[in-house]
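In terms of the UniProt record's numbering, the sequence shown has 132 at position 132, counting the first letter as 1, and numbering is strictly consecutive.
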Amino acid sequence: MASLESCTNNMVIMVRCLVFTHIDKQRIPSEDLFNSVVSGMFALGAIPGSILATPIMKKGRRLTLIMASLITVLGSTLVIIFNIWSLFFGRFEMGVAVGNYYSVCPLYISEMSFPSISGSLGSLNQMSLSTGLRISFGLAYILPYSHEPETLTTGLWKVVVTCILIIFDFFKICVVHTQILFETFHTIKKPHSI
Numbered sequence: 001m002a003s004l005e006s007c008t009n010n011m012v013i014m015v016r017c018l019v020f021t022h023i024d025k026q027r028i029p030s031e032d033l034f035n036s037v038v039s040g041m042f043a044l045g046a047i048p049g050s051i052l053a054t055p056i057m058k059k060g061r062r063l064t065l066i067m068a069s070l071i072t073v074l075g076s077t078l079v080i081i082f083n084i085w086s087l088f089f090g091r092f093e094m095g096v097a098v099g100n101y102y103s104v105c106p107l108y109i110s111e112m113s114f115p116s117i118s119g120s121l122g123s124l125n126q127m128s129l130s131t132g133l134r135i136s137f138g139l140a141y142i143l144p145y146s147h148e149p150e151t152l153t154t155g156l157w158k159v160v161v162t163c164i165l166i167i168f169d170f171f172k173i174c175v176v177h178t179q180i181l182f183e184t185f186h187t188i189k190k191p192h193s194i
């Protein structure tokens, strides 16, 4: 759940920052430089976030995930404020949170899952985060960029995000239980082989 939350937050923040338009942007001479600095702040924050996750994890994995979620909320709030410095600091905070998620989520998932499937579930976190990055870059490419400060984007993003959520819901319906689950709970009948 935490990896899905960080994936979704990362997608929203990446799209928000790539279509960001504000008067303060004129202080940075190049649009490419602005986007590079905004994206770089995210990666710069992930480094101390992953390093600081180790001492915090000694207090508990769940506590670390809760703290990372609070940092995510704080970073998202700072990004919403229309100020270039709050955008940079909010992106840095989001990077710290994602660095925590990268360190904590695989351990938490492997400790909470059955030993026979813990390795597969641990890699699910990395897949979901990289999928979130791909989706965010795809949305940033698809969404129209506005050059007027009053208009951040058109309503197309609602259609794109809704389609993505419908696809995810469809995959939730099609989930098949694993053989390990059937062996663990003997009351469930085993599936027939085709």
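Glycine included, C-beta positions come from ideal geometry on N, C-alpha and C.
Keeping to the same chain, check which residues put their C-beta closer than 8 Å to that of residue i; ignore five residues upstream and five downstream.
i, result
"Pro48", "Val96 and Gly99"
"Ser50", "Gly99, Asn100, Tyr102 and Ser103"
"residue 217", "Lying outside 1 to 194, the shown extent of the chain, residue 217 is not represented and no answer is given."
For residue i versus residue j, is the C-beta distance shorter than 9 Å?
i, j, result
"Leu104", "Thr72", "The residue asked about is misnamed: residue 104 is Val in this sequence, not Leu. No, they are not a contact pair."
"Phe114", "Gly45", "no"
"Gly122", "Ile109", "yes"
"Ser69", "Leu78", "no"
"Leu74", "Gly90", "yes"
Buried or exposed: which applies to residue i, given that a residue is buried once 16 or more other Cβ atoms fall within 10 Å of its Cβ?
i, result
"Arg61", "buried"
"Ile66", "exposed"
"Gly119", "exposed"
"residue 246", "This structure cannot speak to residue 246, because the chain is shown only from 1 to 194."
What does a CB cutoff of less than 7 Å around residue i pick up in its chain, not counting 5 residues either side in sequence?
i, result
"Ala53", "Thr64, Gly99, Asn100, Ser103 and Val104"
Keeping to the same chain, check which residues put their C-beta closer than 6 Å to that of residue i; ignore five residues upstream and five downstream.
i, result
"Ile164", "none"
"Ile56", "Thr64"
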